[in-house]
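S.K.: Chains as they are written, first to last, in this note's numbering: chain A, 126 to 315; chain B, 126 to 315. Have a look at this one before I ask anything.
There are 2 protein chains.
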Amino acid sequence: MEKLVQHIKSQVSISAETMKIVQSRFTEKHYKKKEYLLRFGGSSTEVFFVSTGCVRTYITGFNGVEHNVVFSVENWWAGDLQGFIHKAPATYSIQALENTTVLSISQENWTFLVNEFPAFLAYSRILFRNSVIALESRIAQHLSFTAKERYQYFLNHYPNLIQRIAQKHIASYLGITPEFLSMLRNQKME
Amino acid sequence: MEKLVQHIKSQVSISAETMKIVQSRFTEKHYKKKEYLLRFGGSSTEVFFVSTGCVRTYITGFNGVEHNVVFSVENWWAGDLQGFIHKAPATYSIQALENTTVLSISQENWTFLVNEFPAFLAYSRILFRNSVIALESRIAQHLSFTAKERYQYFLNHYPNLIQRIAQKHIASYLGITPEFLSMLRNQKME
DNA sequence: CGAAAATTTGACATGACTCAACTGGAGTGG
DNA sequence: CCACTCCAGTTGAGTCATGTCAAATTTTCG
């Protein structure tokens, strides 16, 4: 719980009492590597703050190929927003890539906190805002970079993830096949 | 101004007085087709609500090729968030694709409204939240669809934009060359 | 240790790009 | 209102980036 508290405090100013109530609305959950936090088509009734470990959010193409859309490690969030907000079946699946501890919050509690506490409203706004910036930049990359450039960008910006995440998942995140990523890695760097 | 008022009202409940103050912080501006609202490297001191017309937000690759990241038509927003929030030089350029009327708001005024009025805070949160959903889905598309599938998706979801926006700009948004888009269009639909 | 999964390697296929030439419309100036 | 230019769109030939498939090799983990 401490990590969440710190994360919120780092973004907004919030009273101790409010923070206490906020905390009370989260539940700690544990997932083993490869377990699912959410499955495509299931109901997306909670979102997750990752305390330790790592999860991937992915879609499954019609040919059955999986495409990683987001990796969430410690101090970041994971969830199927689309389904969560519109109470619609999940479009994404979320799976633990390591043994992972999350703080889970239900839709009702989330809505409650957002409505009752401006500090929490502000916090969630900042989360979304940061996501928008990151996602726009990711799209810009996909439009303007080649596969190799995207890989090098990833290397430079997330060197820690390279260590932790299987190559096939990174390939999927970059939008290329594992075979092609393998080939890129073994090319001389120019 | 009326469109902005309606848009805000459609998303959050807000008092008439607050709305009046909100309105007072916006300035109407007019741009002719091809004029720039913001240029790469310039200072991103305002964001724009599009009342009429259409603008594109794009990046310029090192080879000089432009890549459209967002189209904003009536009742939607445009702006370089990255630069706006971090007071950094603009990463994107924003250009009118038609004669366009926008309501512009400065960083100071935006911050003021967000800090003083929870209703405006809530409104801006919803804007970001919707953007996150749309952007994630766009990334998912880029990962799992071929160029042709992306084009057909665009056709189905934004038939009105097809009418208004030059093909070369749509090609750029889809991440393909104008020549290739032209070829796709002339293929038999399967 | 042994089975299953991840990564590598290579031959071949193809989607998408480049470049260059051509066509046709939209805007402009005389 | 015509003639002209210029830009958007098309077409086609040749090429390159990336994907597919299949087999070999390495790593992971029970």
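Backbone N, C-alpha and C fix where the C-beta goes; we use that ideal spot for every residue, glycine too. None of the values given here were measured: they were computed from a predicted structure.
1) Given a threshold of 16 other Cβ atoms within 10 Å of its Cβ, counted over all protein chains shown, does A:Ser256 qualify as buried or as exposed?
2) Mind listing, in chain order, the continuous beta strand (DSSP E) runs of no fewer than 3 residues lying wholly within the stretch 127–182 of chain A?
3) Would you kindly report the start and end of the unbroken beta strand (DSSP E) that includes B:Ala203?
4) Taking the beta carbon of A:Phe187 as the centre, do at least 16 other beta carbons fall within 10 Å, making it buried, or is it exposed?
5) Should the stretch 132–141 of chain B be regarded as contacting the stretch 247–254 of chain B, the criterion being three or more beta carbon pairs within less than 8 Å?
6) Indicate the three-state DSSP secondary structure (helix, strand or coil) for B:Ala247 in the structure shown.
7) Determine the extent of the beta strand (DSSP E) in which B:Thr302 is found, giving its start and end residues.
8) Does the beta carbon of B:His294 sit closer than 8 Å to a beta carbon anywhere in chain A?
9) What separation, rounded to the nearest whole angstrom, lies between the Cα atoms of B:Ser169 and B:Lys212?
10) For A:Lys273 versus A:Gln220, is the C-beta distance shorter than 8 Å?
11) Can you tell which of A:Leu222, A:Pro243, A:Asp205, A:Thr225 has the C-alpha that lies nearest to the C-alpha of A:Ser231?
12) Please report whether the beta-carbon of B:Arg164 lies at a distance below 8 Å from any beta-carbon of chain A.
13) Hey, out of A:Glu171, A:Gln277, A:Ile264, whose CA is closest to A:Leu309's CA?
14) Under 8 Å between beta-carbons, which chain B residues line up against A:Val257? List them in chain order, please.
15) With respect to the alpha helix (DSSP H) encompassing B:Ala221, which residues constitute its N-terminal and C-terminal limits?
16) Pull the bridge partners of B:Val198 from the DSSP assignment, please.
17) Between which two residues does the beta strand (DSSP E) carrying B:Leu239 extend?
18) Please look up how many angstroms separate the CB atoms of A:Asn200 and A:Lys154, rounded, as I've assumed it's under 8 Å.
19) Between B:His282 and chain A, is any beta-carbon pair separated by less than 8 Å?
20) With DSSP as the reference, label A:Val190 as helix, strand or coil.
21) Should B:Val217 be labelled buried (16 or more other beta-carbon atoms within 10 Å of its own) or exposed?
22) On the premise that A:Thr226 lies in contact with A:Ser176, defined as a C-beta separation below 8 Å, what is that separation, rounded to the nearest angstrom?
23) Can you tell me the Cβ-Cβ gap for B:Thr147 and B:Phe245, rounded? I've got them flagged as a contact below 8 Å.
24) Is the separation between the beta-carbon of B:Val194 and that of A:Ile258 shorter than 8 Å?
25) Which value, in whole angstroms, describes the spacing of the CA atoms of B:Ala247 and A:Ala141?
26) If you drop the 5 nearest sequence neighbours on each side, which residues of the same chain put their C-beta closer than 7 Å to that of A:His192?
27) Examine chain B for any beta-carbon lying closer than 8 Å to the beta-carbon of A:Pro243, and answer yes or no.
28) Identify the residues that DSSP records as bridge partners of A:Pro378: which are they?
29) Just checking: is the beta-carbon of B:Ala265 within a distance shorter than 8 Å of some beta-carbon in chain A?
30) For A:Arg275 and A:Gln266, what's the separation of their Cα atoms in angstroms?
M.R.: According to the structure data:
1) As a working note, residue 256 of chain A is residue 131 in the first sequence. The residue in question, A:Ser256, is buried, as its Cβ has 16 or more Cβ neighbours within 10 Å.
2) For the stretch 127–182 of chain A, the continuous beta strand (DSSP E) assignments of 3+ residues that do not extend past its boundaries occur at 152–156, 161–163, 171–177, in sequence order.
3) The residue labelled residue 203 of chain B in the question sits at position 78 within the second sequence. Start and end: 201–203.
4) Taking the first residue of the first sequence as 1, we reach residue 187 of chain A at position 62. Classification of A:Phe187: exposed, given that the 10 Å Cβ count is below 16.
5) The stretch 132–141 of chain B makes contact with the stretch 247–254 of chain B, as at least three CB pairs between them are under 8 Å.
6) One-based indexing of the second sequence puts residue 247 of chain B at position 122. B:Ala247 falls in the helix class under three-state DSSP.
7) For the purposes of this step, residue 302 of chain B is identified with residue 177 of the second sequence, where counting begins at 1. Per DSSP, B:Thr302 belongs to no beta strand (DSSP E) and is neither H nor E.
8) As a first step, residue 294 of chain B is located in the second sequence; it is residue number 169 there, counting from the start. So no, B:His294 is outside the interface.
9) For this step, residue 169 of chain B is matched to residue 44 along the second sequence. For this step, residue 212 of chain B is matched to residue 87 along the second sequence. A direct Cα-Cα distance of roughly 7 Å separates B:Ser169 from B:Lys212.
10) Translated into positions along the first sequence, residue 273 of chain A becomes position 148. Translated into positions along the first sequence, residue 220 of chain A becomes position 95. No, Cβ-Cβ distance for A:Lys273 and A:Gln220 is not below 8 Å.
11) As a first step, residue 231 of chain A must be located in the first sequence, where it is residue number 106. Relative to A:Ser231, the option among A:Leu222, A:Pro243, A:Asp205, A:Thr225 whose CA is nearest is A:Asp205.
12) The count along the second sequence starts at 1 and reaches residue 164 of chain B at position 39. So, not an interface residue.
13) Residue mapping note: residue 309 of chain A aligns to position 184 of the first sequence, counting from 1. Checking every option, the nearest Cα to that of A:Leu309 belongs to A:Gln277.
14) Numbered from its first residue, the first sequence carries residue 257 of chain A at position 132. Going along chain B in sequence order, the residues near A:Val257 (Cβ under 8 Å) are Leu206, Phe253, Ser256, Val257, Leu260.
15) Numbered from 1 along the second sequence, position 96 holds the residue referred to as residue 221 of chain B. First-last for B:Ala221: 218–221, but that is the beta strand (DSSP E), not the alpha helix (DSSP H).
16) Position 73 of the second sequence holds residue 198 of chain B. Bridge partners of B:Val198: B:Cys179.
17) Here residue 239 of chain B corresponds to residue number 114 of the second sequence, with the count starting at 1. One point to set straight first is that residue 239 of chain B is Val, not Leu, in the sequence displayed. Looking at the DSSP string, B:Val239 is not in any beta strand (DSSP E); the run it does join, the alpha helix (DSSP H), is 232–241.
18) Against the first sequence, residue 200 of chain A aligns to sequence position 75. Against the first sequence, residue 154 of chain A aligns to sequence position 29. Rounded, the Cβ-Cβ distance is 16 Å, inconsistent with contact.
19) The count along the second sequence starts at 1 and reaches residue 282 of chain B at position 157. Not an interface residue.
20) Here residue 190 of chain A refers to the residue found at position 65 when the first sequence is read from its first residue. A:Val190: coil per DSSP, three-state reduction.
21) Position 92 of the second sequence holds residue 217 of chain B. The residue you asked about is not Val; residue 217 of chain B is Tyr in the sequence shown. Around the beta-carbon of B:Tyr217, 16 or more other beta-carbon atoms lie within 10 Å, marking it buried.
22) The residue labelled residue 176 of chain A in the question sits at position 51 within the first sequence. The residue labelled residue 226 of chain A in the question sits at position 101 within the first sequence. The pair is a contact, with the Cβ atoms about 5 Å apart (cut-off 8 Å).
23) Along the second sequence, one-based indexing puts residue 147 of chain B at 22. Along the second sequence, one-based indexing puts residue 245 of chain B at 120. Just to set this straight, residue 147 of chain B is Val in the shown sequence, not Thr. Right, the Cβ-Cβ distance comes to about 6 Å (below 8 Å), so this counts as a contact.
24) Here residue 194 of chain B refers to the residue found at position 69 when the second sequence is read from its first residue. Here residue 258 of chain A refers to the residue found at position 133 when the first sequence is read from its first residue. The Cβ atoms of B:Val194 and A:Ile258 do not sit closer than 8 Å to each other.
25) Counting from 1 along the second sequence, the entry for residue 247 of chain B is found at position 122. Counting from 1 along the first sequence, the entry for residue 141 of chain A is found at position 16. Roughly 22 Å separates the two Cα atoms.
26) For the purposes of this step, residue 192 of chain A is taken as the residue at position 67 of the first sequence. Correct list, in chain order: Tyr183, Ile184, Gly186, Ser297.
27) Taking the first residue of the first sequence as 1, we reach residue 243 of chain A at position 118. Yes, its Cβ sits closer than 8 Å to a Cβ of chain B.
28) The requested residue 378 of chain A is not part of the displayed model; chain A covers only 126 to 315.
29) As a working mapping, residue 265 of chain B is identified with position 140 in the second sequence. So, interface residue.
30) Stepping through the first sequence from its first residue, residue 275 of chain A is reached at position 150. Stepping through the first sequence from its first residue, residue 266 of chain A is reached at position 141. Near 7 Å, if we compare the C-alpha coordinates of A:Gln266 and A:Arg275.
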